[in-house]
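These notes are about the structure you will find just below.
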Amino acid sequence: MRIRPSIVRVLWGLSVPALLLGSSYFGYYGLYGERGYVKLATVNTELAQAHAHLAQLTSDRLRLQHRIDLLKSGDPDLVEELARTKLMDGAPGQVAVPREREPRAK
Numbered sequence: 005m006r007i008r009p010s011i012v013r014v015l016w017g018l019s020v021p022a023l024l025l026g027s028s029y030f031g032y033y034g035l036y037g038e039r040g041y042v043k044l045a046t047v048n049t050e051l052a053q054a055h056a057h058l059a060q061l062t063s064d065r066l067r068l069q070h071r072i073d074l075l076k077s078g079d080p081d082l083v084e085e086l087a088r089t090k091l092m093d094g095a096p097g098q099v100a101v102p103r104e105r106e107p108r109a110k
């Protein structure tokens, strides 16, 4: 009969370190694990960057779609602008200055 109280005392003595080990294990993986708090912050940062990139692409797409609509409707100002840009041709008395300059060969 004396064995039973000693077993209970040993099990009680082992339960405290087991609880400490278990809580530290789950606490560590709660912070640094695959789905932990640090990973959540990283994913939120990446998500914010992706949303900013999406907003930039959406505005670029809307701008290009507006230019396409103007070209389809035959807007004379846009057609003239594109012709002057591509052909570097000006009206009489105008001077066309190229934007990009090629290096001169010596």
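Heads up, our numbering is the position in the sequence shown plus 4, with the first residue counted as 1. Even glycine gets a Cβ: it sits at the ideal position worked out from N, Cα and C.
For the alpha helix (DSSP H) that Asp79 lies in, which residues bound it at each end?
Reading the sequence shown from its first residue, position 75 is the one you call residue 79. Neither: Asp79 is in no alpha helix (DSSP H) and is coded neither H nor E.
Under 8 Å by Cβ, that's how I've got Gly34 and Gly26 pegged, so tell me the actual separation to the nearest angstrom.
Taking the first residue of the sequence shown as position 1, residue 34 is located at position 30. Taking the first residue of the sequence shown as position 1, residue 26 is located at position 22. With 8 Å as the limit, Gly34 and Gly26 do not qualify as a contact, their Cβ atoms being about 12 Å apart.
Quick one: grab the DSSP three-state call for Val47.
If you number the sequence shown from 1, residue 47 lands on position 43. Of the three classes helix, strand and coil, the one that applies to Val47 here is helix, per DSSP.
By Cβ distance, which residues of its chain are closer than 8 Å to Val1, with the 5 residues on each side in sequence left out?
Because the chain in this structure spans residues 5 to 110, residue 1 falls outside the shown range and cannot be described.
State the DSSP-derived secondary structure class of Pro96, mapped to helix, strand or coil.
The residue given as residue 96 occupies position 92 in the sequence shown. Reduced to three states, the DSSP call for Pro96 is coil.
Which of the three DSSP states is assigned to Arg88 in this structure?
Working through the sequence shown from its first residue, we reach residue 88 at position 84. In the structure shown, Arg88 sits in a helix (DSSP, three-state: H, G or I).
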